[in-house]
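Visitor: To start, I am sharing the structure in question, which I have written as structure tokens.
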Amino acid sequence: MRPNYGMKDYLFSAVPDLGVILTEIREGLEENIPDCQFQLQGSINELGEVVVSVYWAWKGEDQNTLVVTLTP
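Take 1 as the starting number for the sequence shown in my numbering and just add one per residue.
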């Protein structure tokens, strides 16, 4: 049984277009934190992990970049 929230589970399937994953993450952030602005960049490293850089601003002021690694 899988939860009906969060990102889709890509454990047993190929990673779709990276843009799809980045869009899902950005939309989730914007929905849950509407006061901030987000820009995301991502890549797939040699281990098959998705590395996402989250550039964000609060009240127009840039904040520290967050780097998240999604492992298969």
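Quick reminder that beta carbons are idealized off the backbone N, C-alpha and C, glycines included.
1) Residue 40 to residue 55, Cα distance in whole Å?
2) With distances taken between CB atoms, is the gap from residue 71 to residue 51 smaller than 7 Å?
3) Closest to residue 53 by C-alpha separation, out of 62, 43, 29 and 28, would be which residue?
4) Can you tell me which of 25, 19 and 34 puts its alpha carbon nearest to the alpha carbon of residue 66?
Guide: Well, looking at it:
1) Their Cα atoms are separated by approximately 6 Å.
2) no
3) Nearest to residue 53 by C-alpha distance, out of 62, 43, 29 and 28, is 43.
4) 25
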